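Residue numbers (our numbering): 84 to 494.
Built from N, CA and C at the ideal position, the CB exists for glycine as well.
Remember, it's a predicted structure, so these values are computed and weren't measured experimentally.
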């Protein structure tokens with residue numbers, strides 16, 4: 084068995100995948116699995132497919148689907164040819180999806196989950212679109228027919244890797260542009276924080292159209308761990324997979340974590356394979372944390388972050404959960420990240436222990452909102468600080484305590 088060699092460049096996620104040609108399992112999805120060799124071949128074929136569809140360097144490639152291996156295949160294929168991956172969640176409405184495709188000026192839209200026909204009905208809203216691919220009918224055929232010899236584009240660290248959409252101030256989606264360096268950096272920071280190694284089993288359950296799950300999945304392949312992607316998520320199903328596949332790492336939202344603890348028989352489940360059980364994306368009160376710990380007996384780890392900083396910004400490690408005060412915090416910054424608490428109106432600094440807006444300086448911050456200079460200027464300062472819109476305070480030891488949102492505080 085071989086494991087990925089160190090990438091030639093720190094930001095080169097793709098080389099870490101290509102350097103692993105072992106017959107160990109790389110990806111699991113439902114009852115199917117792919118070895119590293121097979122997965123790499125599919126990434127090569129997907130790159131050939133995109134090239135055949137006329138995708139050029141810098142083009143945005145939109146992908147509308149729920150969770151599945153195709154997310155990783157297409158994202159890495161985009162990296163291969165220098166295109167930019169634009170994931171759209173499977174539950175997004177046709178109108179909102181069409182808006183995103185048009186805003187990104189994507190020439191290609193790949194549709195899974197039976198969405199192609201419905202997206203075809205709103206094609207008039209996507210004037211830049213040249214190709215609409217029904218993945219259920221055509222994806223495997225296109226991969227089989229694609230040339231596997233497409234030359235790899237030499238992208239720079241600060242070239243865009245993906246463009247992730249979230250709600251803007253005007254109610255319309257806006258795309259945060261994250262570079263190759265940003266995504267590689269967050270993969271490495273997360274792997275270090277949770278202790279992921281090539282022998283790990285990395286379970287992805289949250290939507291891969293969001294930065295948390297996308298970076299978690301990319302982290303798995305970058306660091307040579309087996310990545311398990313769940314097609315359908317329920318508390319019982321997640322517990323089943325953790326037990327049966329001896330999962331070592333996963334990330335869930337608090338509602339799912341609470342449901343897992345409330346599942347009948349949860350206390351008797353064998354979750355001993357878990358190195359830690361990470362949670363985040365929403366507040367989780369200490370009382371709920373203690374209730375979960377008493378049932379699941381897992382090492383909990385909290386991750387806080389925002390899309391505009393590639394997700395992970397702070398971590399509350401397992402050891403900190405034992406502290407009756409710190410368990411209420413979001414933890415301390417990951418390496419390379421700095422936090423400041425500022426007055427949301429004046430931007431002036433605020434002392435420790437006083438609530439203000441959370442500002443972040445991170446090597447993983449977005450370059451901009453795509454074609455939205457005013458939106459970008461509203462959240463990014465000239466000296467590179469990102470205004471998260473979250474409110475909170477820092478204690479004397481640098482732990483972040485979140486309180487709410489700026490608009491809520493001003494109300």
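With three or more beta-carbon pairs closer than 8 angstroms as the criterion, would you say the stretch 275-288 touches the stretch 327-337?
Yes, since at least three Cβ pairs between the stretch 275-288 and the stretch 327-337 fall closer than 8 angstroms, the two stretches touch.
Reference residue 170; option with closest CA among 192, 462 and 398:
192
Which residue marks the beginning of the alpha helix (DSSP H) containing residue 402, and which one marks its end?
Neither: residue 402 is in no alpha helix (DSSP H) and is coded neither H nor E.
Supposed close pair residue 476, residue 437 - CB separation, criterion 8 angstroms
At roughly 6 angstroms, the Cβ-Cβ gap stays under 8 angstroms, so residue 476 and residue 437 are in contact.
When you compare the stretch 360-369 with the stretch 213-230, are there three or more beta-carbon pairs, one atom per stretch, that lie closer than 8 angstroms?
no
For residue 263, does the three-state DSSP call read helix, strand or coil?
helix
Report the three-state DSSP secondary structure of residue 440 (helix, strand or coil).
strand
Quick one: is residue 440 buried, meaning 16 or more other Cβ sit within 10 Å of its Cβ, or exposed?
buried
As a quick exercise: from 327, 397 and 346, pick the residue whose alpha carbon is nearest that of residue 113.
327
Is the beta carbon of residue 149 closer than 9 angstroms to that of residue 195?
Yes; because the gap between Cβ atoms is below 9 angstroms, this pair is in contact.
Quick check for students: name the residue ranges of the beta strand (DSSP E) that lie wholly in the stretch 137-171, counting only runs of 3 or more.
Counting only runs of 3 or more, we get 143-148.
Using alpha carbons as the reference points, say which of 197, 137, 429 and 243 lies closest to residue 464.
Of the candidates 197, 137, 429 and 243, the one whose C-alpha sits nearest the C-alpha of residue 464 is 429.
Inter-residue Cα distance where the pair is residue 407 and residue 241
41 angstroms
For residue 334, which three-state DSSP category applies?
strand
Proximity below 9 angstroms, CB of residue 373 to CB of residue 398
no
Give me, in chain order, the residues of the same chain whose beta-carbon lies closer than 7 angstroms to that of residue 86; leave out the 5 immediate sequence neighbours on both sides.
Note that residue 86 has pLDDT 38, beneath the 50 cutoff, so the model's placement of it is unreliable and the number below is only indicative. So the qualifying residues of the chain are 103, 281 and 307.
Environment of residue 263 [buried if 16+ CB atoms lie within 10 Å]:
buried
Distance check for residue 248 and residue 483, CA to CA, integer angstroms please.
Going by the C-alpha atoms only, they are around 26 angstroms apart.
Contact between the stretch 150-157 and the stretch 312-324 is defined here as three or more beta-carbon pairs at a separation below 8 angstroms; is this criterion met?
yes
Alpha carbon to alpha carbon, how far is residue 237 from residue 163? Give it in angstroms, no decimals.
8 angstroms
Residues in its own chain within less than 7 angstroms of residue 197 by CB, not counting five upstream and five downstream?
219
Looking at the unbroken beta strand (DSSP E) that takes in residue 249, where does it start and where does it end?
Looking at the DSSP string, the run of the beta strand (DSSP E) that includes residue 249 is 243-250.
Would residue 259 pass as a contact of residue 396 if the rule is Cβ separation under 9 angstroms?
no
Residue from 320, 489 and 180 whose Cα sits closest to the Cα of residue 204
180
Residue 214 (DSSP reduced to helix, strand or coil)
strand
Straight-line CA distance for residue 131 to residue 123?
12 angstroms
Please report the residue range of the alpha helix (DSSP H) in which residue 459 lies.
456-462
Can you give me the start and stop residues for the alpha helix (DSSP H) that residue 182 sits inside?
Start and end: 177-187.
Could you check how far apart the C-beta atoms of residue 401 and residue 384 are, in whole angstroms? I think they sit under 8 angstroms.
5 angstroms
Output the distance between the C-alpha atoms of residue 423 and residue 432, rounded to the nearest integer angstrom.
7 angstroms
Run through DSSP, which three-state label would residue 110 get?
DSSP, reduced to helix, strand and coil, places residue 110 within a strand of the structure shown.
Using the C-alpha atoms, what's the distance from residue 297 back to residue 84?
Confidence at residue 84 is low in this model, with a pLDDT of 34, below 50, so its placement is unreliable and no value can be given for it.
Tell me where the alpha helix (DSSP H) around residue 102 begins and ends.
No alpha helix (DSSP H) holds residue 102; DSSP gives it neither H nor E.
Helix, strand or coil for residue 492? Go by DSSP, reduced to three states.
Reliability fails at residue 492, whose pLDDT of 40 lies under 50, so the model's placement of it is uncertain and no value is given.
Who are the near neighbours of residue 344 in its chain, counting only those whose CB is closer than 7 angstroms to its CB and skipping five residues on each side?
374, 375, 378 and 379
Let me know the secondary structure DSSP gives residue 222 once reduced to three states.
helix
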